[in-house]
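Mapping the sequence shown onto full-length UniProt numbering, position 8 (from 1) lands on 8, and the numbers just tick up by one.
As structure tokens, the structure follows; a few thoughts come after it.
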Amino acid sequence: MKVNIPNPCAEKYDNMSPTELGRLCKVCNTEVVDFTDWETKDIVEYIQKSNQKVCGKLSKQKAEIREVKRNHWSKYVAATLAFGSLGTLSYAKAYSIQSSYSTTSYNLVDTVNVHIVDSENNSLPDVLLINKSNNQKFHTDKNGEAKLPIIGNEMYSITYIGYKKQEIKIIKANSNKTLKVTLEDDSYEIGEVYVAPMERIKPVLNKEINLSKNLPQTSSTTQDVSLKNRIKKLLNIFSIRD
């Protein structure tokens, strides 16, 4: 089975009001279900269970979001580093008490503020950002902003449904700054979604079976007459010999 939109709608999806499964089109007062991250089998099942026509948003290039799980080793390393950091801080605190010099507190990790928008400069909330070196995840807030830590030169992958996946590189020089990132719209269509069966290839029949169709068909009456004639000939032969 496959799904498609034969007659795409001209209305703009982003201008519609949000709903539980997508957006509400005020022109036809119909919910447009966001199918961009659905599997085809799930879309087919949803449409088949619905008692009315289904309008939806289908992506030509679906954005793929993979849940990346950190392994136990990375957790162990993180815990070890955290314990080591606590030990270092405790030592620094003890040393500062003994010293007569004033001490200043510094952030151990620099950060950069990232603001993610679309092509029309609208802020995008809940955008997923993944640090490619350690798989640490971040999400933008309602204003489309996220604060990311910088330890070295960091590569982040940015994923958001309905937009093309993008990667950005953040370096130390970007610390304490705000970086603006514009995501490109992924090509999609909205409109009534149809379910169509896949085209099937007709099986090739055996050549002998095909050829048999072209053979002349004889009626049962003709066959009976032929059989009788053969019997008569045999009887004549035996009668002559006798």
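The C-beta atom is built at its ideal place from N, Cα and C for all residues, glycine as well.
Treat the numbers as computed from the prediction; the structure is a model and nothing was measured.
Candidates Trp38, Ala10, Asn7, of which the one nearest Gly22 by Cα: As a position in the sequence shown, residue 22 is number 22, starting the count at 1. Ranking the options by Cα distance to Gly22, first place goes to Trp38.
Among Tyr160, Ile161, Leu128, Ser133, the one whose alpha carbon lies nearest that of Lys147: For the purposes of this step, residue 147 is taken as the residue at position 147 of the sequence shown. Cα-wise, what sits closest to Lys147 is Leu128.
Terminal residues of the beta strand (DSSP E) in which Asp110 lies: Residue 110 sits at position 110 when you count from the first residue of the sequence shown. Where Asp110 is concerned, the enclosing beta strand (DSSP E) stretches over 110-117.
Host alpha helix (DSSP H) of Glu20 (start-end): For the purposes of this step, residue 20 is taken as the residue at position 20 of the sequence shown. Counting along the chain, Glu20 falls outside any alpha helix (DSSP H), and DSSP gives it neither H nor E.
Own chain partners of Tyr46 with C-beta closer than 6 Å, once the 5 adjacent residues on each side are dropped: Along the sequence shown, read from residue 1 onward, the residue named residue 46 stands at position 46. For Tyr46, there are no CB contacts under 6 Å within the same chain when 5 residues up- and downstream are skipped.
For Asp14, the three-state DSSP class (helix, strand or coil): For the purposes of this step, residue 14 is identified with residue 14 of the sequence shown, where counting begins at 1. Assignment of Asp14 by DSSP, reduced to helix, strand and coil, places it in the helix class.
Straight-line gap, Val3 to Ser50 (C-alpha atoms, nearest Å): Reading the sequence shown from its first residue, position 3 is the one you call residue 3. Reading the sequence shown from its first residue, position 50 is the one you call residue 50. So the two alpha carbons sit approximately 15 Å from each other.
6 Å CB neighbourhood of Ser17 in its chain, flanking five on each side removed: Within the sequence shown, the letter at position 17 stands for residue 17. Once the five neighbours on either side are set aside, the close Cβ partners of Ser17 are Leu24.
DSSP three-state assignment for Val3, whether helix, strand or coil: Here residue 3 is taken as the residue at index 3 of the sequence shown, counted from 1. Secondary structure of Val3 (DSSP, three-state): strand.
Residue range of the unbroken beta strand (DSSP E) whose run includes Gln166: Here the question's residue 166 lines up with position 166 in the sequence shown. Unbroken beta strand (DSSP E) run through Gln166: 166-170.
Rounded straight-line distance, which links the Cα of Asp42 to that of Ser119: The residue you call residue 119 lines up with position 119 of the sequence shown. The residue you call residue 42 lines up with position 42 of the sequence shown. One C-alpha to the other measures close to 30 Å.
Residue nearest to Asp185 in terms of C-alpha spacing, selected from Lys53, Val32, Asp14, Lys177: Along the sequence shown, read from residue 1 onward, the residue named residue 185 stands at position 185. Residue Asp14 is the option with its Cα nearest to Asp185.
Proximity of Lys137 and Ser157 at Cβ, strictly below 8 Å: Against the sequence shown, residue 137 aligns to sequence position 137. Against the sequence shown, residue 157 aligns to sequence position 157. For Lys137 and Ser157, no; Cβs fall outside 8 Å.
Cβ separation of Val112 and Gly144, assumed to be a contact under 8 Å, to the nearest whole Å: Indexing the sequence shown from 1 puts residue 112 at position 112. Indexing the sequence shown from 1 puts residue 144 at position 144. Contact between Val112 and Gly144 fails: their C-beta atoms lie close to 15 Å from each other, not under 8 Å.
DSSP three-state assignment for Glu154, whether helix, strand or coil: Within the sequence shown, the letter at position 154 stands for residue 154. It is a strand residue.
Inter-residue Cα distance where the pair is Asn174 and Thr40: The count along the sequence shown starts at 1 and reaches residue 174 at position 174. The count along the sequence shown starts at 1 and reaches residue 40 at position 40. Approximately 42 Å, taken between the alpha carbons.
Sequence-distant residues of the same chain with beta carbon closer than 6 Å to Lys169, five excluded per side: As a position in the sequence shown, residue 169 is number 169, starting the count at 1. Taking C-beta separations shorter than 6 Å and ignoring five residues to either side along the sequence, the partners of Lys169 in its chain run Met155, following chain order.
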